[in-house]
DNA sequence: CACCATAGGTGTACGGCGTACACTCGTCAA
DNA sequence: TTGACGAGTGTACGCCGTACACCTATGGTG
């Protein structure tokens, strides 16, 4: 077998899809900060510049990765109860985001919305409208949800991790936070170590918002502002 | 005047505070992406490595910048109505964040909470507790607020910018979004161009959440979960 | 068949980044 | 006088994204 034949048989040609797949896998495995064009090329057994035949630049690569992730979200389930429909889909989005922890930051960093995100938001707006919310209310509701629509928990800092024993000095400086941490500590649930039950917190906020929206819908809320 | 005297008189010695101040100013002026150690050093008329006598590395510089910004938030006003107190402080935080548009991303990207952020959160937790919310409820409420506590609007994409005339093809592909954009377009308010009234949207979501919290407080809500 | 345009992969190179490390030099205590 | 020390310097290394010129196999056209 000549070298050319060997190369011929073993090497499937690159294409945009394979590049994006590999990028997502690499980000999953090593984190978004470790994702460089050079590293990705190496993973694909190719010289870095080869990637540029399939994506214009790194920004476009990130766009494609964001779209790939958003495309993993389940389609909306049918049903008469709009809160259930929306809730279910958002929790699906959250599961996707948990599979790809880097994705939240990437999606947020896109300057404009990518097609898949637009499609998702459009479909989500449709769910609200189908549920009987006015266009006016739906608009503000979508804003109020913000990135929570895509399952971001948008915590201020990462509550996971080792966390270890609480710093005693910290309790003195930040008494209220210490008190909160104490209440969180002595209930079991899905939180084994020290942290909070992120899933509970997410659903708590989500349901609070959805209930608020439904209440506004029932009372025929309309934005009072006009020129 | 000798060269030494000239140097002596014109050059105030660097210190951590001056470095942080300059970094914030530079980020305000040119954006966070344009902030590099080299560029910052140049701004301070100093060689890049000089900065490392005052900050350990770039991450610590960003930590310091985050703390500086959070430190600009007004202290809590006193008052019997906890919703007013919290609301006022969050709107102050939002004003600060609008002055430093890069700050949201920087704060979010910190791996652990910085001291100023901790102090802010602690004080905020205190406001909830003073308002009569239980430690339990306060805990979940803080999570539900998430980064909104610091005034992040956490929109999915930037609604500012030129935006221009709406793409007609876009309306066909995303009919619900087009409908929402239409409702947003034909009301005046503080939105002159095409975009939404971000301040209205922010306060809408904020008040919805605060009202929800107060409602839970009144009905003596407690998290039902236990081991 | 000969030809050549084209698409995909290569190699080299540039400018920018964060920062390690060894240095100089002015100040000040002993 | 000396010697430690803190602040600023200079050089260098290994990353990064990517412009640009190049090679080469492929496939349509005369």
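Protein chains in written order, with my numbering: chain V, 3 to 229; chain L, 3 to 229. Virtual Cβ for every residue (Gly too), placed ideally from N, Cα, C. Remember, it's a predicted structure, so these values are computed and weren't measured experimentally.
* Asked: Going along chain V, which residues have a C-beta under 8 Å from residue 203 (chain L)?
  -> At a C-beta separation below 8 Å, residue 203 (chain L) has these neighbours in chain V: 142, 145, 146.
* Neighbourhood of residue 225 (chain L) by C-beta distance below 7 Å, restricted to the same chain and skipping five residues each side -> The beta carbon of residue 225 (chain L) is closer than 7 Å to those of 138, 142 in its chain, skipping five residues each way along the sequence.
* Within its chain, find whatever has a CB closer than 8 Å to the CB of residue 194 (chain L); leave out the 5 residues flanking it on each side and keep chain order. => Since pLDDT at residue 194 (chain L) reaches only 47, below the 50 mark, its modelled position is unreliable, and no value is offered.
* Asked: So which of V:105, V:159, V:80, V:102 has the shortest CA-CA distance to residue 125 (chain V)?
  -> Nearest C-alpha to residue 125 (chain V): V:80.
* Find the nearest neighbour of residue 153 (chain L) within the set L:48, L:64, L:110, L:55, judged by alpha-carbon distance. => Ranking L:48, L:64, L:110, L:55 by Cα distance to residue 153 (chain L) puts L:110 first.
* Asked: If you run the structure through DSSP and keep just helix, strand and coil, what is residue 153 (chain V)?
  -> It is coil, neither helix nor strand.
* **Assigned secondary structure, residue 15 (chain V) (DSSP; H/G/I helix, E/B strand, else coil)** => In the structure shown, residue 15 (chain V) falls within a coil segment according to DSSP collapsed to helix, strand and coil.
* Asked: Going along the chain, which residues of its own chain have a beta-carbon closer than 7 Å to the beta-carbon of residue 186 (chain V), five neighbours each way excluded?
  -> Close CB contacts of residue 186 (chain V) within its chain, under the 7 Å cut and outside five residues either way in sequence, are with 198 (chain order).
* Kindly indicate which three-state DSSP category residue 232 (chain V) falls into: helix, strand or coil? => Chain V is shown from 3 up to 229; residue 232 (chain V) falls before or after that span and cannot be answered.
* Identity of the residue in L:35, L:52, L:36 nearest residue 43 (chain L) by Cα -> Relative to the Cα of residue 43 (chain L), the nearest Cα in the group L:35, L:52, L:36 belongs to L:52.
* Asked: Within this structure, are the beta carbons of residue 105 (chain V) and residue 58 (chain V) separated by less than 8 Å?
  -> Between residue 105 (chain V) and residue 58 (chain V), the C-beta spacing is not below 8 Å.
* To do: Assign residue 11 (chain V) to one of two classes, buried (16 or more other C-beta atoms within 10 Å of its C-beta) or exposed (fewer than that).
  => Low local confidence applies: a pLDDT of 44 at residue 11 (chain V) is under 50, so the model's placement there is unreliable, and no value is given.
* To do: Give every residue of the same chain whose Cβ lies closer than 7 Å to the Cβ of residue 233 (chain V), excluding the five residues on either side of it in the sequence, and list them in chain order.
  => With chain V covering 3 to 229 only, the question about residue 233 (chain V) has no answer from this structure.
* Which residues bound the alpha helix (DSSP H) around residue 42 (chain V)? -> That run of the alpha helix (DSSP H) goes 39-45.
* Per-residue contacts from residue 152 (chain V) into chain L (C-beta, under 8 Å) -> Result: 158.
* Roughly how many angstroms lie between the CA atoms of residue 136 (chain V) and residue 92 (chain V), to the nearest whole one? -> Spanning the two alpha carbons is a distance of roughly 20 Å.
* To do: Tell me, please, whether the CB atom of residue 50 (chain L) is closer than 8 Å to any CB atom in chain V?
  => Under the 8 Å criterion on CB atoms, residue 50 (chain L) is classed as non-interfacial with respect to chain V.
* To do: Please compile the residues from chain V whose C-beta is within a distance smaller than 7 Å of the C-beta of residue 58 (chain L).
  => Going along chain V, no residue has its Cβ under 7 Å from residue 58 (chain L), so there is no contact; the nearest lies around 18 Å.
* Asked: Per DSSP, what kind of secondary structure is residue 215 (chain L) in: helix, strand or coil?
  -> Helix.
* Asked: Of all Cβ atoms in chain V, is any one closer than 8 Å to the Cβ of residue 176 (chain L)?
  -> Yes, contact with chain V.
* Limits of the unbroken alpha helix (DSSP H) element including residue 53 (chain V) -> It is not in any alpha helix (DSSP H) - residue 53 (chain V) carries neither H nor E in the DSSP assignment.
* Asked: Taking Cβ-Cβ distances shorter than 8 Å, what residues in chain V pair up with residue 138 (chain L)?
  -> Correct list: 185.
* To do: Taking residue 218 (chain V) as the reference, give the member of L:222, L:211, L:220 with the closest Cα.
  => For the residues L:222, L:211, L:220, the minimum Cα distance to residue 218 (chain V) belongs to L:211.
* To do: Starting from residue 128 (chain L), trace the alpha helix (DSSP H) both ways and give me its first and last residue.
  => Counting along the chain, the alpha helix (DSSP H) containing residue 128 (chain L) begins and ends at 117-132.
* Could you name the residues of the same chain whose beta carbon sits closer than 7 Å to that of residue 85 (chain V), not counting the 5 residues immediately before and after it, in chain order? => Closer than 7 Å at Cβ, skipping near neighbours: 212, 216.
* Short CB-CB distance (under 8 Å) between residue 15 (chain L) and chain V -> With respect to chain V, the C-beta atom of residue 15 (chain L) has no partner C-beta closer than 8 Å.
* **Residue interval of the alpha helix (DSSP H) (run including residue 114 (chain L))** => Note, residue 114 (chain L): premise wrong, no alpha helix (DSSP H); not H, not E.
* Where does residue 113 (chain L) land, buried or exposed, given buried means 16+ other C-beta within 10 angstroms? -> Around the Cβ of residue 113 (chain L), a 10 Å sphere holds fewer than 16 other Cβ atoms; the residue is exposed.
* To do: With a threshold of 16 other CB atoms inside 10 Å of the CB of residue 96 (chain V), please say whether the residue is buried or exposed.
  => Counting Cβ neighbours within 10 Å, residue 96 (chain V) comes out buried, since at least 16 surround it.
* Asked: How many Å lie between residue 192 (chain L) and residue 144 (chain V) at the Cα?
  -> Bear in mind that the predicted position of residue 192 (chain L) carries a pLDDT of just 48, short of 50, making it too unreliable to give a figure here.
* To do: Determine, using beta carbons only, whether residue 68 (chain L) comes closer than 8 Å to chain V.
  => No, because no Cβ of chain V sits closer than 8 Å to the Cβ of residue 68 (chain L).
* Residue from V:155, V:140, V:74, V:178 with nearest C-alpha to residue 182 (chain L) -> Closest by alpha carbon: V:140.
* Asked: Using CA coordinates, which residue listed in L:119, L:30, L:171 is at the minimum distance from residue 158 (chain V)?
  -> Nearest C-alpha to residue 158 (chain V): L:119.
* Asked: Would residue 92 (chain V) count as contacting chain L if we go by Cβ distances under 8 Å?
  -> False, the Cβ-Cβ gap to chain L never drops below 8 Å.
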